[in-house]
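Right, one structure below, let's go through it.
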Amino acid sequence: MARIVIVGAGVGGVPAALEMRRHARKGDEVVVVSDSPTFHFTPSNPWVGFGWRRPEQIKVPLAPMFKKRKISFVQKAVVKVVPQENRLDLKDGSTLSYDYLVLATGPRLSFDEVPGLGPHGGFTQSVCHVDHAADTFVAWQKFCEQPGPMIVGAASGASCFGPAYEYALQADTDLRRRRIRDKVPITYVTSEPYIGHLGLGGVGDSKGLLEGAFRDKTIRWICNAKIQKVEDGKMTVLECDEEGKDKKVHELPFKVSMILPAFTGIDAVRGIEGLVNPRGFVLINDKQQNPTFPNVYGVGVCVAIAPKEPTPVPTGVPKTGVMIEAMAVAVAHNIRAQLEGKAPDTVPEWNALCVADTGDNGFGFIAIPQIPPRNVTVAKKGWLLHVGKAIFEKYFLRKIRTGVSSPFYERLGLGMMGYRTLKKH
């Protein structure tokens with residue numbers, strides 16, 4: 000019998016574990032390793048940043064759910080992956096062996112790549128983690144007592160832009176409710192070549208929709224931007240032209256700022272030849288399998304995906320929720336094939352279904368496949384999307400609490416929208 004270990008218990012790791020338990024043989028052991036005792040619903044973090052959600056509302060304790068699903072749970076940090084020996088080194092000095100390994104670690108947040116960036120030792124806030132978002136709410140409350148200029152955006156090399164757009168537009172909504180919007184100039188700073196690029200070359204009329212929203216809300220923007228450094232109350236931003244050459248240096252004052260950083264792979268995998276690329280992202284083939292170590296798979300934000308086209312300032316490719324769940328399902332199928340002595344033959348289709356909330360409205364984007372050219376592209380705006388995201392949050396958290404990865408009605412609904420999540424080779 001085999002031991003299948005999943006490292007990470009987020010949007011990728013938990014579905015991967017549940018799918019693996021469903022597809023594994025009766026005597027196989029499925030183990031999840033995570034340094035956190037809870038699952039966090041990351042898409043709700045911007046709401047936590049404004050106090051619209053409390054951290055405990057978007058957390059799910061993992062141990063009881065995994066026990067019910069007969070999945071072993073090891074709450075320890077992994078300090079080193081040793082794929083040559085099929086072993087994990089854990090922070091407490093112990094080790095864990097595996098027959099198959101699924102890396103669903105999420106990213107390392109590279110605040111250190113920009114001097115002064117980040118919530119710990121820097122001068123900007125973050126909504127990348129629920130704990131960061133909780134600290135951001137504390138900073139927001141202080142800011143609203145003495146409002147002033149605000150900067151929101153994403154650093155060079157960032158790949159997750161949706162939360163930055165949400166945060167900027169939600170800030171506008173919250174400030175209007177407090178009747179202090181007139182006291183807060185908002186500037187959106189991004190490495191994207193244009194508003195609505197999203198790391199995907201745009202989705203439908205995402206450029207027009209999001210530019211229109213910014214104009215309507217009086218949010219100015221700087222694209223092709225490299226944040227050079229952040230000081231207390233001042234951000235230095237280099238704006239580049241369409242060829243990536245220096246165009247203008249902006250020195251922007253601020254009293255509060257939320258900037259999404261670039262991502263890298265976690266320290267436990269960085270520098271392992273054949274496993275990861277130079278930035279530490281897990282190398283995979285179209286079946287989510289590492290080419291050098293065929294018993295190792297990658298799921299979610301930690302995998303390496305090359306940008307479809309170059310941009311004047313580096314931007315990464317986002318890994319969206321539906322796409323990540325498709326990866327998890329494919330990995331479970333492929334490991335089961337290997338357990339039976341067969342070659343992996345299941346390929347996930349990378350599609351995107353994204354909903355961005357503004358606090359009183361919403362934007363929805365569908366891209367099939369996620370990376371162009373596409374068969375289906377939809378971009379919509381409306382208050383129903385605002386309601387829809389709140390409903391989806393409750394649905395997904397319930398799904399995790401009950402330990403169900405992808406119920407049949409979810410697969411049926413996606414199929415009716417034109418989604419296919421898997422294909423066989």
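Residue 275 in numbering that gives the first Met the number 0 sits at position 276 of the sequence shown; the count goes up by one each step and never skips. Don't be surprised by glycine CBs; every beta carbon is placed ideally from N, CA and C.
Legend entry - Extent of the continuous beta strand (DSSP E) to which His249 belongs: Translated into positions along the sequence shown, residue 249 becomes position 250. Per DSSP, His249 belongs to the beta strand (DSSP E) from Asp245 to Pro252.
Inset, instruction - Below 7 Å CB to CB, which residues in the same chain sit around Ala167 once its five sequence neighbours on both sides are set aside? - result: Indexing the sequence shown from 1 puts residue 167 at position 168. The residues are Val151, Ile185, Tyr187 and Ile218.
Legend entry - Close Cβ partners of Ile370 (< 6 Å) along its chain, the five nearest in sequence each way excluded: The residue you call residue 370 lines up with position 371 of the sequence shown. Cβ within range, chain order: Lys307.
Legend entry - Whole-angstrom distance between Leu116 and Met234, CA atom to CA atom: Taking the sequence shown and counting its residues from 1, one reaches residue 234 at position 235. Taking the sequence shown and counting its residues from 1, one reaches residue 116 at position 117. So the two alpha carbons sit approximately 9 Å from each other.
Inset, instruction - On a CA-only basis, which of Val29, Ala154 and Gly48 is nearest Cys222? Give me that one, please. - result: Taking the sequence shown and counting its residues from 1, the one referred to as residue 222 is at position 223. Ranking the options by Cα distance to Cys222, first place goes to Ala154.
Legend entry - N- and C-terminal bounds of the beta strand (DSSP E) containing Gly11: In the sequence shown, the residue the question calls residue 11 occupies position 12. Where Gly11 is concerned, there is no enclosing beta strand (DSSP E), given that its DSSP letter is neither H nor E.
Inset, instruction - Can you give me the start and stop residues for the alpha helix (DSSP H) that His332 sits inside? - result: Sequence index remark: in the sequence shown, residue 332 carries index 333 (1-based). That run of the alpha helix (DSSP H) goes Gly320 to Leu338.
Legend entry - Same chain, Cβ closer than 7 Å to Lys79, five either side skipped, listed in chain order: Along the sequence shown, read from residue 1 onward, the residue named residue 79 stands at position 80. Contacts found: Asp88 and Ala267.
Inset, instruction - Using 10 angstroms around the beta-carbon of Leu502, count the other beta-carbons present and answer buried if the total reaches 16, otherwise exposed. - result: The shown model of the chain, from 0 to 424, leaves out residue 502, and the question about it has no answer.
Legend entry - Segment contact flag, the stretch 110-128 with the stretch 309-323, C-beta cutoff 8 Å, min 3 pairs: no
Inset, instruction - Tell me Ser96's beta-bridge partners as DSSP assigns them. - result: The residue labelled residue 96 in the question sits at position 97 within the sequence shown. The partner list for Ser96 (beta bridge, DSSP) reads Arg86.
Inset, instruction - Assign Thr94 to one of two classes, buried (16 or more other C-beta atoms within 10 Å of its C-beta) or exposed (fewer than that). - result: Looking up residue 94 in the sequence shown gives position 95. Thr94 is exposed by the Cβ-count criterion.
Legend entry - Which residues DSSP lists as bridging Leu239, in chain order: To locate residue 239, count along the sequence shown from 1; it is residue 240. Just to set this straight, residue 239 is Cys in the shown sequence, not Leu. In DSSP, Cys239 forms a bridge with Asp245.
Inset, instruction - Can you tell me which of Asp134, Arg400, Thr263 and Ala342 puts its alpha carbon nearest to the alpha carbon of Val255? - result: Here residue 255 is taken as the residue at index 256 of the sequence shown, counted from 1. Looking at the Cα atoms, Asp134 is the closest of the given residues.
Legend entry - Ile399, buried or exposed, once every other Cβ within 10 Å from all chains shown has been counted against 16: Here residue 399 corresponds to residue number 400 of the sequence shown, with the count starting at 1. Classification of Ile399: buried, given that the 10 Å Cβ count is 16 or more.
Legend entry - Of the listed residues Gly273, Cys301, Phe280 and Val302, nearest to Thr291 (C-alpha basis): Within the sequence shown, residue 291 is the residue found at index 292, counting from 1. If we check each option's Cα against that of Thr291, Gly273 comes out closest.
Inset, instruction - Pick helix, strand or coil for Lys69, following the three-state DSSP scheme. - result: Position 70 of the sequence shown holds residue 69. Looking at Lys69 - three-state DSSP - the assignment turns out to be coil, as it is neither helix nor strand.
Legend entry - Cut-off 7 Å between Cβ atoms - residues of its own chain near Glu250, not counting five sequence neighbours on either side: To locate residue 250, count along the sequence shown from 1; it is residue 251. Apart from the 5 residues on each side of it in sequence, Glu250 sits with its Cβ closer than 7 Å to the Cβ of Lys233 and Thr235 in its chain, given in chain order.
Inset, instruction - Sort out for me which residues DSSP pairs Ile370 with in a bridge. - result: In the sequence shown, residue 370 corresponds to position 371, counting from 1. Beta-bridge pairing links Ile370 to no other residue.
Inset, instruction - Assess, as a yes-or-no matter, whether the stretch 258-265 is touched by the stretch 41-54 under the definition of 3 or more beta carbon pairs within less than 8 Å. - result: With a cut-off of 8 Å, the stretch 258-265 and the stretch 41-54 do not count as touching, because too few Cβ pairs lie within range.
Legend entry - N-terminal and C-terminal residue of the alpha helix (DSSP H) that Lys398 is part of: Taking the first residue of the sequence shown as 1, we reach residue 398 at position 399. Segment Trp382 to Thr401, the alpha helix (DSSP H) holding Lys398.
Legend entry - Phe49 - DSSP class collapsed to helix/strand/coil: As a working mapping, residue 49 is identified with position 50 in the sequence shown. When DSSP states are grouped into helix, strand and coil, Phe49 belongs to the coil group.
Legend entry - Continuous beta strand (DSSP E) stretch holding Cys353: start and end: Your numbering for residue 353 matches position 354 in the sequence shown. Where Cys353 is concerned, the enclosing beta strand (DSSP E) stretches over Ala351 to Asp356.
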